[in-house]
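In the working numbering, the protein residues as written are 6 to 295.
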Ligand SMILES: NC(=O)c1ccc[n+]([C@@H]2O[C@H](COP(=O)([O-])OP(=O)(O)OC[C@H]3O[C@@H](n4cnc5c(N)ncnc54)[C@H](OP(=O)(O)O)[C@@H]3O)[C@@H](O)[C@H]2O)c1
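Below, the structure written as structure tokens:
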């Protein structure tokens, strides 16, 4: 088994596998001796090292979990090449709805399975990862899904194999898209209690819902209101990984989480006026110039 990208999500998966005595190759960018996960049940240390040179001979893996940010996928290609063979299943642990389109061309002989990550995890300044909540993933019923289920069985990570993966992926994308407003304001979930912010969030979610439906998602009429209530029920200091990236000066996943919706809206002839303001602002916050 291998994990590419030992950040918040990659460390969580590596630690869950390690707890079940499953050996994991850890492929990263920054060298480290081990990984550490802090959970409600206590701390888990995954022995390293974190490998950082894909040109050094590394055995191919049966299952590869790709957990780099969507902005880092292209740079992780050398690791995918090193760790994948035709029988490898690549499980993509990334937000967005285009994991197959972006990753499959990098591993044309392997099987790519997108996964929806439902749990929050955070990297702390000391390098430890804090897992919040219970790990849970959803994958589509497709080739490779059974292998991921078998691997994660008894690990403490729940895995659902979904018949209607498209709908669930869009449901998560709507949540991610509106969370992007936090990266613009530099505020946490408490900001959604403002009436004016709630209005913007609902207008944005409604246009996202229209695109989602045009793209085949079977979401209810009141999904925007349901999501706004969900954000209002979050602890007011809860952030989002895009806000953490902004605070730390890292590139934002604006294209995978927001840009894609406007792009598909244009394809389906659906106007996205709120997104047309939000996306350039996120892109500029991420990539400049200035
Ligand atoms: N965190 C969450 O709560 C959460 C929840 C749901 C979904 N997601 C999604 O899950 C995905 C991963 O997010 P994350 O929060 O785990 O990100 P993250 O903490 O930033 O982790 C990314 C990891 O990938 C490594 N990396 C970067 N470039 C690499 C390369 N070329 N080769 C190998 N490793 C490389 C980074 O190395 P460095 O240590 O050098 O930076 C880091 O360890 C994202 O799509 C995110 O939106 C996250």
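We put the beta carbon where it would ideally sit given N, CA and C, even for glycine.
Below 8 angstroms between beta carbons: does that hold for residue 42 and residue 17?
-> Numbered from its first residue, the chain shown carries residue 42 at position 37. Numbered from its first residue, the chain shown carries residue 17 at position 12. Yes, they are a contact pair.
_Strand pairing of residue 9, partner residues [DSSP]_ = The sequence position of residue 9 within the chain shown is 4, counting from 1. BP columns for residue 9 point to 32 and 71.
For the pair the region 59-77 and the region 43-50, tell me if three or more CB-CB distances fall below 8 angstroms.
Counting C-beta pairs closer than 8 angstroms gives fewer than three between the region 59-77 and the region 43-50, which falls short of the contact rule.
Taking 7 angstroms as the cut-off, is the CB of residue 258 close to at least one heavy atom of ligand 1? In the chain shown, counting from the first residue as 1, residue 258 sits at position 253. Residue 258 Cβ: within cutoff of ligand 1.
- What are the boundary residues of the beta strand (DSSP E) that residue 171 is part of? Within the chain shown, residue 171 is the residue found at index 166, counting from 1. No beta strand (DSSP E) holds residue 171; the alpha helix (DSSP H) holding it covers 170-190.
On the DSSP bridge assignment, give the partners of residue 40 in chain order.
Position 35 of the chain shown, counted from the start, is the residue given in the question as residue 40. Note: residue 40 sits in a beta bridge opposite 51.
When you compare only the Cα positions, how much space is there between residue 106 and residue 200?
As a first step, residue 106 must be located in the chain shown, where it is residue number 101. As a first step, residue 200 must be located in the chain shown, where it is residue number 195. So the alpha carbons of these two residues sit roughly 38 angstroms apart.
Open item on the list: In whole angstroms, give me the CA-to-CA distance for residue 233 and residue 80.
Closed with: Position 228 of the chain shown, counted from the first residue, corresponds to residue 233. Position 75 of the chain shown, counted from the first residue, corresponds to residue 80. Taking the straight line joining both Cα atoms gives about 35 angstroms.
### Query
If you compare alpha carbons, which of 32, 287 and 194 is closest to residue 241?
Locating residue 241 in the chain shown gives position 236, where the first residue counts as 1. Among 32, 287 and 194, the Cα nearest to that of residue 241 is on 194.
*Inter-residue CB distance, residue 179 and residue 214 (contact presumed, cutoff 8 angstroms)*: Working through the chain shown from its first residue, we reach residue 179 at position 174. Working through the chain shown from its first residue, we reach residue 214 at position 209. Between residue 214 and residue 179 the Cβ distance is about 7 angstroms, and since that is below 8 angstroms, they are a contact.
Measuring alpha carbon to alpha carbon, tell me which of 88, 235 and 236 ends up nearest residue 61.
For this step, residue 61 is matched to residue 56 along the chain shown. Its Cα nearest to that of residue 61, the residue 88 stands out among 88, 235 and 236.
How many angstroms separate the CA atom of residue 286 from the CA atom of residue 169?
-> Residue mapping note: residue 286 aligns to position 281 of the chain shown, counting from 1. Residue mapping note: residue 169 aligns to position 164 of the chain shown, counting from 1. C-alpha separation (whole angstroms): 32 angstroms.
| message | Can you confirm whether the region 103-119 touches the region 11-27 when touching is taken to mean that 3 or more C-beta pairs between the two stretches lie within less than 8 angstroms? | response | With the cut-off at 8 angstroms, the region 11-27 and the region 103-119 do not touch.
- Message: Under DSSP, the alpha helix (DSSP H) around residue 86 begins and ends at which residues?
- Response: By 1-based counting over the chain shown, the position of residue 86 is 81. From DSSP, the alpha helix (DSSP H) with residue 86 extends over 82-88.
**Report entry** Proximal residues to residue 229 (C-beta, below 7 angstroms), its chain only, five neighbours per side dropped
**Finding:** Residue mapping note: residue 229 aligns to position 224 of the chain shown, counting from 1. Excluding residues within five positions, the ones whose Cβ falls inside 7 angstroms are 207, 210, 211 and 214.
TODO: Starting from residue 116, trace the beta strand (DSSP E) both ways and give me its first and last residue.
DONE: Taking the chain shown and counting its residues from 1, one reaches residue 116 at position 111. The continuous beta strand (DSSP E) containing residue 116 extends over residues 116-122.
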